[in-house]
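Reviewing the structure listed below.
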Amino acid sequence: GIWLHQLFEVLDTKIEERQTNLDETLKEFPYINGSLFENAVKIPSFDKEMRSALLECCYFDWSNISPAVFGSLFQCVADKEKRRSFGEHYTSEKNIMKTISALFLDELREEFEKVKTNKNKLKELHQKISALKFLDPACGCGNFLIIAYREIRQLEIDILTEIHKEDLKDGILYIDISNLSLIDVDNFYGIEINEFPAKIAEVALWLMDHLMNLKLSVKFGRAFERIPLKKSAVIKNENALMVDWKNIIDVKELSYILGNPPFVGARMKSKEQSEEMKRVFNNMKGYGDLDYVSAWYKKSAEFIKGTKIK
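Sequential numbering of the sequence shown, starting at 1, is according to UniProt numbering.
This is the structure:
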């Protein structure tokens, strides 16, 4: 445990601010930033069995595991009664893909196919997708945002591959690869009432960003990473029904609202949930017979009114 604590401390310390007599092995670790290792966490003392389990995990190739798995893991360890009362439920990647394909991905992919032989049009499409912003107002562990980010980054890689096709064919690329990707996690916004899944969402988006950077590196034959971390997803630990979404993202900048808000039957809502619905619906006739999830639809409808948000 003490060694992990020291490692986390090193990862949160700038190179020039580290101790001069630091262990040579620890010196090799980069400065991460992003406040990822900023808060001290009590790490238990490891026994032989715990150490062996950790080392076994280290031998596994985690690059093949989607960060979206964190949502599934969280659901497995979360208390079932609490999950039921909050209306929480894990959404599979297959169902997330169905949602985002219909919402934006199919349309963007179709546009890509139409312009893939026109370099200028491809550059315009690249600029277009780099400006897109996404909000999940009940993001949980961030699965919708994670998969959406992966698909947008994959589209970007496909666009860049077409733009630089001739250079790649000749094995020559003069452009700085660090300037190729215009999409980063700060275009992704989430609201989550529980602190732990909110933190998971933020970290999982960084992990997905890292995996997509590796993909870009492999495609163009040059290393690309965003370390130290300079940007982060905007994940707010708030009650989405009580907070003004305009304080989280400018309505003029948002492109899409997506997600799978909590379902709690009309007769199964807690006193607090009923009060939240009362405020959202402003005593609208018959609102009490609606499922808890309807409050998100009401807020979303009001938020996108008069805009081009989908």
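Glycine included, C-beta positions come from ideal geometry on N, C-alpha and C. Keep in mind that this is a model prediction, so the values were computed, not measured.
Taking contact to mean at least 3 C-beta pairs separated by less than 8 Å, is the segment 196–211 in contact with the segment 160–167?
No, the segment 196–211 does not touch the segment 160–167.
Assign Asp-250 to buried or exposed, taking buried as 16 or more other Cβ atoms, counted over all protein chains shown, within 10 Å of its Cβ.
The residue is exposed, with fewer than 16 neighbouring Cβ atoms inside 10 Å.
Give the DSSP-derived three-state secondary structure of Asn-247 in the structure shown.
Helix, per DSSP.
Rounded to whole angstroms, what's the CA-CA distance from Val-280 to Leu-254? Just pull it up for me.
Going from the Cα of Val-280 to the Cα of Leu-254 covers about 21 Å.
How should Asp-136 be labelled, buried or exposed, when 16 other C-beta atoms within 10 angstroms of its C-beta is the threshold for buried?
Result: buried.
Check Thr-13 in the structure and name its three-state DSSP category.
Three-state result, Thr-13: coil.
So, at 7 Å on beta carbons, what are the nonlocal neighbours of Lys-219 in its own chain, with the 5 sequence-adjacent residues on each side left out?
Counting only Cβ-Cβ distances below 7 Å, and skipping sequence neighbours, we find Ile-157, Thr-161.
Ignore the nearest five residues each way along the sequence and tell me which others in residue 351's own chain have a CB closer than 8 Å to its CB.
Because the chain in this structure spans residues 1 to 310, residue 351 falls outside the shown range and cannot be described.
Is DSSP giving Gly-87 helix, strand or coil here?
For Gly-87, the pLDDT reaches just 48, beneath the cut-off of 50, and the residue's location in the model is therefore unreliable, although a value from the coordinates is still provided. Here Gly-87 sits in coil by DSSP.
So is Cys-58 buried or exposed if we call it buried at 16+ other beta carbons inside 10 Å?
Exposed.
Looking only at C-alpha atoms, which of Pro-67, Asn-260, Lys-231 sits nearest to Glu-192?
Glu-192 has its Cα closest to that of Asn-260, out of Pro-67, Asn-260, Lys-231.
Between Ile-96, Tyr-287, Asp-61, which has its C-alpha nearest Tyr-149's C-alpha?
Ranking the options by Cα distance to Tyr-149, first place goes to Ile-96.
Cβ of Ser-130 within 7 Å of any heavy atom in the ligand ZN?
This structure lacks the ligand ZN, and indeed carries no ligand of any kind.
List the endpoints of the continuous beta strand (DSSP E) containing Val-234.
First-last of the beta strand (DSSP E) with Val-234: 234–236.
When we look at the beta-carbon of Asn-143 and count the other beta-carbons within 10 Å, is it buried (16 or more) or exposed?
Its Cβ being crowded by 16 or more others within 10 Å, Asn-143 is buried.
From this set, Asn-282, Gly-286, Val-234, Gln-6, which residue's C-alpha is nearest Glu-302's C-alpha?
It is Asn-282.
For Tyr-189, name the three-state secondary structure that DSSP assigns.
It is a strand residue.
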